[in-house]
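Take this note's numbering: the final residue in the sequence shown is number 1268, and no numbers are missing along the way. One structure is given here, and the rest of the page talks about it.
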Amino acid sequence: MTAIAVGGALGACARYGATLLWPTEPGAFPWTTFAVNVTGCAAMGVLMGLLTVRTTTHRLVRPFLGTGVLGGYTTFSTYTVEGNHLLGGDTGLGHLYLAATPAAALLAVWGAAVLTRRAATPRSHRLRGRA
1138 MTAIAVGGAL GACARYGATL LWPTEPGAFP WTTFAVNVTG CAAMGVLMGL LTVRTTTHRL
1198 VRPFLGTGVL GGYTTFSTYT VEGNHLLGGD TGLGHLYLAA TPAAALLAVW GAAVLTRRAA
1258 TPRSHRLRGR A
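Laid out in structure tokens, this is it:
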């Protein structure tokens, strides 16, 4: 539990730092939250891709980095609140944001996992599968 809490605090601080560096004007497309969620999902894909290829890792790597750091970094609750606010004003922008975020996040996690596994798998293992 400590690994998750420490990782979550680090991830949340990184997300907060991103919002300070790139604030979003009210009613505008929330690019910072969008970028945080997509990059966090891509990082999760890299992490899971590496963990599926590596045979040994410390037992706290996944909870610290996955649940903690990346769980604290990504913010789908803020995505929901921002989407709701956008729907109250510009419904087209709200619908775009609410549809684009999960689509981009899923594509990011899947693409990063596939590319990471491909890059991290030794060439001899990849060639054996193509007989």
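Don't be surprised by glycine CBs; every beta carbon is placed ideally from N, CA and C.
When the Cα atoms are used, what is the spatial distance from residue i to residue j?
i	j	result
F1171	V1183	18 Å
V1143	V1206	8 Å
R1196	T1258	21 Å
Which same chain residues, not among the five before or five after residue i, have their C-beta less than 7 Å away from its C-beta?
i	result
V1246	C1178, A1179, M1181 and G1182
R1254	G1186, T1189 and V1190
Given that a residue counts as buried once 16 or more other Cβ atoms are within 10 Å of its Cβ, and exposed if not, what is residue i?
i	result
Y1216	buried
E1219	buried
L1243	exposed
A1268	Summary for A1268: the model assigns pLDDT 49, below 50, so the residue's position carries little reliability, and this model does not support an answer.
T1169	buried
A1250	buried
L1223	buried
Give me, in chain order, the residues of the same chain whose beta-carbon lies closer than 8 Å to that of residue i; leave out the 5 immediate sequence neighbours on both sides.
i	result
G1248	A1179 and G1182
State yes or no: is the C-beta of residue i within less than 8 Å of the C-beta of residue j?
i	j	result
F1166	L1235	no
V1173	A1241	no
F1140	P1200	One detail in the question is off: residue 1140 reads as Ala in this sequence, not Phe. A contact, by the Cβ cut-off of 8 Å.
G1203	G1148	no
R1152	T1212	yes
G1154	G1226	no
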